[in-house]
Amino acid sequence: MAENGSRMSKFKINNKKIVITGGSGRFGRCLKKNTGNYKMLFPSKSKLDILKIDSIKKYLQKNKPRCLVHLAGLSRPMNMHNKDISKSIDLNIIGTANIVKVCSLLKIKLIYFSTSYVYPGTRGNYKEEDALFPVNNYAWSKLGGEAAVQMYKNSLILRICMTEKPFVHKSAFCDVLTNFIYHKDLVKIFLKLINKKGIINVGGPTQTVYNFVKKENPRIKKAYAKRITDLNFPVNSSMNLKKLKDYLK
């Protein structure tokens, strides 16, 4: 134990260096264009595999980052979390738990990107301390990741409602309330939250998906969630953003 402790004390963290897992994803690509004053590293899966503890440890010990931002995981298509439960569990729950284990060992701050879908999605205006009850397997897998992150106090969980620009669908729900924000706009907010800890709801003003998209695409067609009998989607996952606004003042 004494030898281990001695080794760990020599692990010096670079205060400006941040490692991003899942950097090839939609948000990661936007982040690469605006890294602020930080030196951000975007390792490929071959260099940092979230399913292999040794791979994570080797990369982080070599690069000695101040912080790790965990974006890697499985998101779309949403029905994949029903069709391949094992893959969903591996990438979003076990992979996240592995990241937590190594960050805890090396005393590296962890920032985890979760989702507004972890809330029940019925009444809206959810605060960070409100009860959670995911409505689909994707949200359950993200909450599973959250459970591991919550055990590590040097962490930040961001419950986010984001989407890419331009909006990928030809129609948008006019009876579903969210806090959608485009990836590129989220980058500016994210850079101001890096030093925070705990849980923060992150998104834009509460509005229907249709009204959000219409500002950029006046030709977007209306869709109605209430007409879908097997809807596996929250109709009002809107969040209370007071904590976020206080931090951004």
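Taking the numbering used here, the leading residue of the sequence shown gets 2, the next gets one more, and so forth.
Just so it is clear, CB atoms sit at the ideal spot from N, CA and C, and this is done for glycine as well.
Tyr225: buried (16+ other C-beta within 10 angstroms of its C-beta) or exposed?
Translated into the one-based positions of the sequence shown, residue 225 becomes position 224. That one is exposed.
From what residue to what residue does the alpha helix (DSSP H) around Val188 run?
Stepping through the sequence shown from its first residue, residue 188 is reached at position 187. 184–191 is the span of the alpha helix (DSSP H), which, as asked, contains Val188.
With a threshold of 7 angstroms on Cβ separation, who are the neighbours of Gly37 within its own chain once the five nearest residues in sequence on each side are excluded?
In the sequence shown, counting from the first residue as 1, residue 37 sits at position 36. Excluding sequence neighbours, Gly37 sits near Leu192.
What is the DSSP secondary structure of Met81, counted as helix, strand or coil?
One-based indexing of the sequence shown puts residue 81 at position 80. Helix.
Can you check which of these residues, Lys58, Tyr139, Leu42, is closest to Ser25 by C-alpha distance?
Working through the sequence shown from its first residue, we reach residue 25 at position 24. Nearest option by C-alpha distance: Leu42.
I'd like to know whether the C-beta atoms of Met240 and Cys175 end up nearer to each other than 8 angstroms.
Taking the first residue of the sequence shown as position 1, residue 240 is located at position 239. Taking the first residue of the sequence shown as position 1, residue 175 is located at position 174. Taking 8 angstroms as the Cβ cut-off, Met240 and Cys175 do not qualify as a contacting pair.
Please work out which residues of its chain come closer than 6 angstroms, Cβ to Cβ, to Ile200, disregarding the five sequence neighbours upstream and downstream, and give them in chain order.
For the purposes of this step, residue 200 is taken as residue 199 along the sequence shown, with counting starting at 1. Result list for Ile200: Glu129, Ile158, in chain order.
Can you list, in chain order, the residues of its chain with a C-beta nearer than 6 angstroms to that of Asn233? Leave out the 5 residues immediately preceding and following it.
Mapped onto the sequence shown, residue 233 falls at position 232. Same-chain partners within the cutoff: Asn137.
With a Cβ-Cβ cutoff of 8 angstroms, do Leu72 and Gly146 count as a contact?
The residue labelled residue 72 in the question sits at position 71 within the sequence shown. The residue labelled residue 146 in the question sits at position 145 within the sequence shown. Not in contact: Leu72 and Gly146 (Cβ atoms no closer than 8 angstroms).
Among the residues of its own chain, which have a CB less than 7 angstroms from the CB of Pro135, if the five just before and after it don't count?
In the sequence shown, residue 135 corresponds to position 134, counting from 1. Only Tyr118, Val119, Trp141, Leu144 meet the Cβ criterion.
Alpha carbon to alpha carbon, what distance is there between Asn212 and Val236?
Locating residue 236 in the sequence shown gives position 235, where the first residue counts as 1. Locating residue 212 in the sequence shown gives position 211, where the first residue counts as 1. So the two alpha carbons sit approximately 15 angstroms from each other.
Decide if Ser238 is buried, meaning its Cβ has at least 16 other Cβ atoms within 10 Å, or exposed.
The residue labelled residue 238 in the question sits at position 237 within the sequence shown. Burial call: buried.
Go ahead and label Pro219 buried or exposed: buried means 16 or more other beta carbons lie within 10 angstroms of its beta carbon, across all protein chains shown.
Start at 1 with the first residue of the sequence shown, and residue 219 comes out as number 218. By the neighbour-count rule (16 or more Cβ atoms within 10 Å), Pro219 is not buried but exposed.
Can you give me the Cβ contacts of Arg124 inside the same chain, cut-off strictly under 8 angstroms, excluding the 5 residues immediately before and after it?
Locating residue 124 in the sequence shown gives position 123, where the first residue counts as 1. Correct list, in chain order: Asn237.
Considering Cα atoms alone, identify which of Arg30, Thr179, Lys58 is closest to Gly122.
Position 121 of the sequence shown holds residue 122. Comparing Cα positions, the closest option is Thr179.
Taking 8 angstroms as the cut-off, decide whether the C-beta atoms of Arg160 and Ser115 are in contact.
Counting from 1 along the sequence shown, the entry for residue 160 is found at position 159. Counting from 1 along the sequence shown, the entry for residue 115 is found at position 114. A contact, by the Cβ cut-off of 8 angstroms.
Can you tell me the Cα-Cα spacing of Met79 and Val177, whole angstroms?
Start at 1 with the first residue of the sequence shown, and residue 79 comes out as number 78. Start at 1 with the first residue of the sequence shown, and residue 177 comes out as number 176. Going by the C-alpha atoms only, they are around 17 angstroms apart.
In this structure, what does DSSP give as the bridge partners for Cys68?
As a working note, residue 68 is residue 67 in the sequence shown. Per DSSP, Ile19, Lys110.
Output yes or no for whether 8 angstroms exceeds the beta carbon distance between Ala107 and Leu61.
Translated into the one-based positions of the sequence shown, residue 107 becomes position 106. Translated into the one-based positions of the sequence shown, residue 61 becomes position 60. Reading off the sequence shown, one finds Leu at residue 107, where the question assumed Ala. Result yes, Cβ atoms of Leu107 and Leu61 sit closer than 8 angstroms.
Within this structure, are the beta carbons of Leu133 and Leu69 separated by less than 8 angstroms?
Along the sequence shown, read from residue 1 onward, the residue named residue 133 stands at position 132. Along the sequence shown, read from residue 1 onward, the residue named residue 69 stands at position 68. Going by C-beta atoms, Leu133 is not nearer than 8 angstroms to Leu69.
Per DSSP, Arg160 is paired with what?
If you number the sequence shown from 1, residue 160 lands on position 159. In DSSP, Arg160 forms a bridge with Ser115, Asn202.
What is the DSSP secondary structure of Thr179, reduced to helix, strand or coil?
Locating residue 179 in the sequence shown gives position 178, counting from the first residue. Of the three classes helix, strand and coil, the one that applies to Thr179 here is strand, per DSSP.
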